[in-house]
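Scroll down for the structure; my scribbles are underneath it.
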Amino acid sequence: MDHFLVAFLMAVISFLGGAAGSTFTIINNCDYTVWPGILSNAGSAKLSTTGFELQKGQFQTLQPPAGWSGRFWGRTGCTFDSSGRGSCATGDCGSNQIECNGAGAAPPATLAEFTLGVETQDFYDVSLVDGYNLPMIVEGNSGGSACAATGCLADLNERCPAELRVASEEGNVACKSACEAFRRPEFCCSGMFATPDTCKPSYYSELFKTACPRSYSYAYDDATSTFTCTGGDYTITFCPTTSSQKASKDPSPQSTETDTGTVTVTGGGEAGVMLGDESWIESMSTSGAPAPTTLFWGYPAFLHTFSIIVSLSIFLQLL
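With mature numbering (1 follows the signal peptide of the UniProt record, and there is no 0) applied, the sequence shown covers -21 to -1, 1 to 298.
So, in structure tokens, the structure goes:
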């Protein structure tokens, strides 16, 4: 057999194996339907979808391009007609469609934010800077090794101070940030408070931080809220606990920063488990809950797998 051909085929397979890049898997573990929204940052290409429906127990996988940056959030209380037109009670992106088409979430909304590197570190966080509407966690995995998990497990809609609450006929549906509620520069880190030295945690951001110690609680909450992973795949889970009510009854965890700059989070009662990176996170097992069902395959991932199979078939035929 032509050794040059063998070398060429192996190079192709190697290239395809590294071309898949990161993968986002979005899971709805809530007892209700969630409509995820996606916004790419300026200069980043749109993903294959900018908004879709996830019923209870469903998940969807997406593949971003290398170097992608943007955010995910969950819309709740949505009503869409047969043509896909409508709006949502929380996290609405104002497009009047299921697809957000380049529009961001109207606050309050829990946000998962990502900046993916090109053969370098990825950065990610879960932010409550724009308020909160549902529990969310982000888990990273790189080459089979777990990266730090982050997010907010508590039901802040139930804990929300009266002056920050967003209510509907169904009860409290979201919790505003102090910036959104009061429009004051000391809460918004604007004007004379637009630097880390002048903008400090407020009473309200401390409430968020106590309940969700790994999430961004205000604009300059970087030290304990931004995490890194190299070439990771990420799982974004809405309502990661058996029920958000359960999370609100558990003792709130506390965080301490170590000499190495890492954050150790302790507390949370029996519902919490310690991951390999010492992050506190509730068990993902849900007793009696239906297993997630896939909405559809990520198209780029399918092409990647199919290309490898074809290359291997050609290679074996030439042996």
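For every residue, glycine included, the Cβ atom is placed at its ideal position computed from N, Cα and C.
**Prompt:** Can you find at least 3 beta carbon pairs, one from the stretch 101 to 110 and one from the stretch 72 to 82, that sit closer than 8 Å?
**Reply:** Taking a cut-off of 8 Å for Cβ pairs, the stretch 101 to 110 and the stretch 72 to 82 do not touch, as fewer than three such pairs fall below it.
**Message:** Does S156 come out as helix, strand or coil in the three-state DSSP assignment?
**Reply:** coil
**Message:** Only counting the same chain, and skipping five residues up and downstream in sequence, which positions put a Cβ closer than 6 Å to that of E165?
**Reply:** F172
**Request:** Find the nearest neighbour of L95 within the set G119, E148, G16, judged by alpha-carbon distance.
**Result:** G119
**Prompt:** Alpha carbon to alpha carbon, how far is G30 from I17?
**Reply:** When only Cα atoms are considered, G30 and I17 end up about 6 Å apart.
**Message:** Which residue marks the beginning of the beta strand (DSSP E) containing E78, and which one marks its end?
**Reply:** Neither: E78 is in no beta strand (DSSP E) and is coded neither H nor E.
**Asked** In chain order, what residues of the same chain have a beta carbon less than 8 Å from the beta carbon of C178, not counting five sequence neighbours either side?
**Response** E165, C168, F172, Y197, A198, Y199
**Top-ranked residue by Cα proximity to G49, from D134, C67, S106** = S106
**Asked** In three-state terms, what does DSSP make of N7?
**Response** strand
**With 16 other Cβ atoms within 10 Å as the buried cut-off, status of V97** = exposed
**Request:** Along the beta strand (DSSP E) that carries residue 299, what are the first and last residues, could you check?
**Result:** Lying before the first or after the last residue shown, residue 299 is absent from the chain, which here runs from -21 to 298.
**Asked** Name the DSSP bridge partner or partners of D60?
**Response** Partner(s): none; D60 has no beta bridge.
**Asked** Going by the CB atoms, is the gap between S156 and S121 shorter than 9 Å?
**Response** no
**Request:** Give the straight-line distance between the Cα atoms of C131 and F51, rounded to the nearest whole angstrom.
**Result:** 14 Å
**Message:** In the DSSP assignment, the alpha helix (DSSP H) including S19 goes from what residue to what residue?
**Reply:** Run containing S19: none in the alpha helix (DSSP H); it sits in the beta strand (DSSP E), 14 to 19.
**Prompt:** How is T2 classed by DSSP in three states: helix, strand or coil?
**Reply:** coil
**Rounded straight-line distance, which links the Cα of I116 to that of C191** = 10 Å
**Prompt:** For A24, which residues from the same chain have a beta carbon less than 6 Å from its beta carbon, with the 5 sequence-adjacent residues on both sides left out?
**Reply:** P44
**Helix, strand or coil at S(-8) according to DSSP, with G and I counted as helix** = Reliability fails at S(-8), whose pLDDT of 35 lies under 50, so the model's placement of it is uncertain and no value is given.
**Item:** The alpha helix (DSSP H) enclosing A190, as first and last residue numbers
**Value:** 182 to 190
**Request:** Let me know if N20 comes out buried or exposed under the rule of 16 or more other beta-carbons within 10 Å of its beta-carbon.
**Result:** Around the Cβ of N20, a 10 Å sphere holds fewer than 16 other Cβ atoms; the residue is exposed.
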